[in-house]
Amino acid sequence: MAHEDRLTAVVVDDHPAVRAGVAYWLTSGTPPIEVVSSGEDVSAAWLDEGATADVVILDLHLGGPTPVLGDLRRLVEAGRNVVVYSMRADDEIALHCLELGALCYLTKAEGADHLVEATRAAARGDAYTPPSLAGALAGDRSDHRPALSARETEVLVEWFQSESKDFVAQRLGITASTVNSHLERIRVKYAQIGRDAPTKAALVARAIQDGLIGVDEL
Amino acid sequence: MADLRAQDRVIAIMRTGLLVVTAVVQLGLNAAPLVRHQAEYRPAWVVDAAFAVLALVTAVCAVWVLRGRPLPTAVVAVGAVVVLVASSAVTAALPPDGFFLDVHWSFGLVGWHLLVLLFDRVGLLVAALGTHFAASVVQFALAGGHDRAEVGAAGVVVLSVLSFQAAIAVITLVLRRQSRQAALVAAERDRVTTRAALAEQWERDRRVTFAGQLGATLPLLVGLADRTLDPRDEDTRHRCALAATQLRRLFAENDEVPDPLVHEVAACVDAAQRRGVEVSLAVSGAAVPVPTAVRRELTAPLVVALSAVRGRARVSVLRTDEEVRVAVMTDTEVGIDGGSALVEVDCGTYGEHTRMEARWRTRTG
């Protein structure tokens, strides 16, 4: 699906200005991410070049009042790497999207840097946790939430509060890459409680390969 | 509530009175003519059965009425039909010249039964009484062969019974309506008293709260008025910003909103934004109830930090299952001391960032 040297994305959003803005942000990064297709409904992600794009950037509210969670589920079941890009900072929906298998839930208030990073991570099949999502995970009070270590919780909280990984690293006396591996570990824990999907399997397999979690922790 | 129960009691007493009247009329006044005229009925057993059935209806009603309970709908429906049928049966078994006389004891009695049964269903009561009188008159007419004197005598009996029972029905109706109105008036009076007491309490609380929290504002206003403070002075401007943020938070404290903590934090953020500071606010975790005193302590360091900030700030509110954390990241160094037994305040500068956080543990211990 993915080409060796070229990252591709498809943007699904009902506002043309958002589609244009996202395409501009993605193509102006280094290395650029090419937006091969975009459209106001999910068909853009299933047709022509959109069907083979590495990443699907999906707005949850496509004109209608209800979020398109069914479309998200179908995309994830088909093995697509989905970044949910939503207007609403709603913890419950964010957690639900992760459970369905989205690799990232990003609010539109969070800006270009997070979107580019989330898209790049998703192209590799990796999860990305922006600050608002970290807040949603830290505030998660559902019964089936995974058990996080004290350090992992602290990383989530500090990242949510500061929006700066350097700051989190400085505060907790660890390196920025350790902050990232904590966040990845948390996401693997969440992936394990989510629905079965090709992306989830890949995420967990890679976490084991990278030594983030042990096989016995599964 | 107490007055509504009083109203129920009045209704129960009236219904019991009607029941006693019915029983007395049937057993005291109607049993004698029944026995006396046994030989005249054709057949007599129908009339005896009707008497027994009417007594039974009274007895069944007594089960609920004497306990002060309203009659179940099923009992009312079956009872009314049975009573009307019994009445028609007696009328049909009368001798031709017996209509509305001593021998026709059921005519007056049935109206009492209907009053007991349909006491709180006025429309049905009127309909049932109407049916009863109409059926009796029709049966009288069908029997035929009455002379003018008989018709006249019958008319007098029908009218007197009708007007007496209608008067009873109207009286109970008026009593019921008045007791209901009295109950409503009393309940409204109680509500007004409670509201007045609450408003008074609230007003007292508010005075105390405002007086306590205006502490920083009043000396500032006095200083500005006396010109001992210079509005161009950086320190005065900072004190004004602080007072403005404190006041905004204080006003927000009394608003009726689903999430008071976030409402108060948002008010502080808004006050800072009006000064031209770039502030972002992030909220995560479902709302939990936070007592007013704790909210004051959680937002106090935020007020100080936001009134000092000059460039940009990020404010966050996080509710986990164990604690509530209000944090602010700014690019301006501020010294915040404070904290209490309730709320833990942490403040530190890391490179170009200053971080302040107030934490409240929702679970004590």
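Those sequence lines, one after another, are chains A and B. For what it's worth, this note's numbering labels the leading residue of the first sequence as 1, then goes sequentially. For what it's worth, this note's numbering labels the leading residue of the second sequence as 1001, then goes sequentially. Even for Gly, the Cβ is constructed at its ideal location relative to N, Cα and C.
Min CB distance Ser230/A to chain B below 9 Å: Chain A is shown only over 1 to 218; residue 230/A falls outside these bounds and no answer can be derived.
Counting contacts by CB-CB distance shorter than 9 Å, is Ala138/A in contact with chain B? Translated into positions along the first sequence, residue 138/A becomes position 138. Judged by the 9 Å Cβ criterion, Ala138/A is in contact with chain B.
Could you name the residues of the same chain whose beta carbon sits closer than 6 Å to that of Lys189/A, not counting the 5 residues immediately before and after it, in chain order? Numbered from its first residue, the first sequence carries residue 189/A at position 189. Taken in chain order, the residues that qualify are Pro146.
Within the 9 Å Cβ cut-off, does Glu1357/B reach chain A? Stepping through the second sequence from its first residue, residue 1357/B is reached at position 357. Interface residue, yes.
By a C-beta neighbour count over all protein chains shown, 10 Å radius and 16 as the cutoff for buried, is Gly125/A buried or exposed? Residue 125/A sits at position 125 when you count from the first residue of the first sequence. Answer is buried; the Cβ neighbour count reaches 16.
Taking the continuous beta strand (DSSP E) assigned at Asn81/A, which residues delimit it? The residue given as residue 81/A occupies position 81 in the first sequence. Per DSSP, Asn81/A belongs to the beta strand (DSSP E) from Asn81 to Ser86.
Collapsed DSSP secondary structure at Leu47/A in the structure displayed: Stepping through the first sequence from its first residue, residue 47/A is reached at position 47. Coil, per DSSP.
Looking at the C-beta of Glu163/A, does it have a partner C-beta in chain B at a distance below 9 Å? By one-based count along the first sequence, residue 163/A stands at place 163. Yes - at least one Cβ of chain B is within 9 Å of the one on Glu163/A.
Cutoff 9 Å: Arg1353/B Cβ touching any chain A Cβ: Residue numbering aside, residue 1353/B sits at position 353 when the second sequence is read from its first letter. Arg is not the amino acid found at residue 1353/B; the sequence shown has His there. Yes, contact with chain A.
Kindly indicate if chain A contains any beta-carbon less than 9 Å away from that of Gly1339/B. Position 339 of the second sequence, counted from the start, is the residue given in the question as residue 1339/B. Output row for Gly1339/B: interface = no.
What is the residue span of the alpha helix (DSSP H) that Leu212/A lies within? By 1-based counting over the first sequence, the position of residue 212/A is 212. Counting along the chain, Leu212/A falls outside any alpha helix (DSSP H), and DSSP gives it neither H nor E.
For the segment 1231-1258 of chain B, list the alpha helix (DSSP H) runs that are entirely contained and at least 4 residues long, ordered along the chain. Runs found: 1234-1253.
For Val22/A and Val222/A, believed in contact at Cβ under 8 Å, the rounded distance: Coverage of chain A is limited to positions 1 through 218, which leaves residue 222/A absent and any answer about it impossible.
Let me know if Phe1140/B comes out buried or exposed under the rule of 16 or more other beta-carbons within 10 Å of its beta-carbon. As a working note, residue 1140/B is residue 140 in the second sequence. Phe1140/B should be labelled buried.
Residue range of the unbroken beta strand (DSSP E) whose run includes Leu1318/B: Taking the second sequence and counting its residues from 1, the one referred to as residue 1318/B is at position 318. Note, Leu1318/B: beta strand (DSSP E), Arg1312 to Arg1319.
If we count Cβ pairs, one from each stretch, closer than 8 Å, do we get three or more for the segment 131-150 of chain A versus the segment 1312-1325 of chain B? yes
Considering only the beta carbon of each residue, do Arg1312/B and Glu1357/B sit closer than 9 Å? Position 312 of the second sequence, counted from the first residue, corresponds to residue 1312/B. Position 357 of the second sequence, counted from the first residue, corresponds to residue 1357/B. Taking 9 Å as the Cβ cut-off, Arg1312/B and Glu1357/B do not qualify as a contacting pair.
Run through chain B and tell me which residues come within less than 8 Å of Ser132/A, C-beta to C-beta. For the purposes of this step, residue 132/A is identified with residue 132 of the first sequence, where counting begins at 1. Ala1282 and Ser1284, listed in chain order.
By the DSSP assignment, the beta strand (DSSP E) with Ala1327/B in it spans what residues? In the second sequence, the residue the question calls residue 1327/B occupies position 327. It spans Glu1323 to Thr1330 - the beta strand (DSSP E) in which Ala1327/B sits, taken as one unbroken run.
Round the Cβ separation of Leu1034/B and Val1047/B to the nearest angstrom and send it over; I've been treating them as touching at under 8 Å. Here residue 1034/B is taken as the residue at index 34 of the second sequence, counted from 1. Here residue 1047/B is taken as the residue at index 47 of the second sequence, counted from 1. Yes, Leu1034/B and Val1047/B are in contact; Cβ-Cβ is about 7 Å, under 8 Å.
Output yes or no for whether 9 Å exceeds the beta carbon distance between Val1057/B and Thr1016/B. To locate residue 1057/B, count along the second sequence from 1; it is residue 57. To locate residue 1016/B, count along the second sequence from 1; it is residue 16. No. Outside cutoff.
Please identify, using Cβ separations under 8 Å, the residues of the segment 1299-1323 of chain B that lie next to chain A, in order along the chain. Arg1314, Ser1316, Leu1318, Arg1319, Thr1320 and Asp1321
Please state whether DSSP places Thr175/A in a helix, a strand or coil. Position 175 of the first sequence, counted from the start, is the residue given in the question as residue 175/A. Thr175/A: coil per DSSP, three-state reduction.
Separation of Gly1111/B from Ala1023/B, as counted between CA atoms: The residue given as residue 1023/B occupies position 23 in the second sequence. The residue given as residue 1111/B occupies position 111 in the second sequence. Computed Cα separation, rounded: 12 Å.
Take Ala1293/B and list the residues in its own chain whose beta-carbon comes closer than 8 Å to its own, dropping the five residues that flank it on each side. Counting from one through the second sequence, the residue named residue 1293/B turns up at place 293. The answer, listed in chain order, is Leu1342.
What residues of chain B sit near Arg171/A, judged by a beta carbon separation below 7 Å? Numbered from 1 along the first sequence, position 171 holds the residue referred to as residue 171/A. In chain order: Tyr1350.
Got a sec, what are the start and stop residues for the alpha helix (DSSP H) Glu1333/B sits in? Taking the first residue of the second sequence as position 1, residue 1333/B is located at position 333. Here Glu1333/B belongs to no alpha helix (DSSP H), and DSSP marks it neither H nor E.
Going residue by residue through the segment 1260-1284 of chain B, where are the continuous beta strand (DSSP E) segments of at least 3 residues, counting only ones entirely within it? 1278-1284
Can you tell me which of the three DSSP states Ala1197/B falls into? Here residue 1197/B refers to the residue found at position 197 of the second sequence. Helix.
Quick one: list the residues of chain B neighbouring Asp91/A, beta-carbon separation under 8 Å, in chain order. As a working mapping, residue 91/A is identified with position 91 in the first sequence. Within chain B, the residues near Asp91/A are Ser1284, Gly1285 and Ala1286.
Quick one: Cα of Ala1055/B to Cα of Leu1198/B, how far? Position 55 of the second sequence, counted from the first residue, corresponds to residue 1055/B. Position 198 of the second sequence, counted from the first residue, corresponds to residue 1198/B. Distance between the alpha carbons of Ala1055/B and Leu1198/B is about 55 Å.
For Leu1125/B versus Met1014/B, is the C-beta distance shorter than 9 Å? The residue you call residue 1125/B lines up with position 125 of the second sequence. The residue you call residue 1014/B lines up with position 14 of the second sequence. For Leu1125/B and Met1014/B, no; Cβs fall outside 9 Å.
Listed by chain order, chain B residues near Gly63/A by CB distance under 8 Å: Along the first sequence, one-based indexing puts residue 63/A at 63. Ordered by position in chain B, no residue passes the 8 Å Cβ test against Gly63/A, which lies about 27 Å from the chain.
DSSP state of Gly1098/B mapped onto helix, strand, coil: Counting from one through the second sequence, the residue named residue 1098/B turns up at place 98. Note: Gly1098/B maps to coil in three-state DSSP.
Counting only Cβ pairs nearer than 7 Å, list the residues of chain A close to Ala1327/B. Within the second sequence, numbered from 1, the residue matching residue 1327/B stands at position 327. Gln161, listed in chain order.
Identify which residue in Leu1117/B, Val1309/B, Val1083/B and Ala1143/B has its Cα closest to the Cα of Glu1234/B. In the second sequence, residue 1234/B corresponds to position 234, counting from 1. The residue with the shortest Cα to Cα distance from Glu1234/B is Val1309/B.
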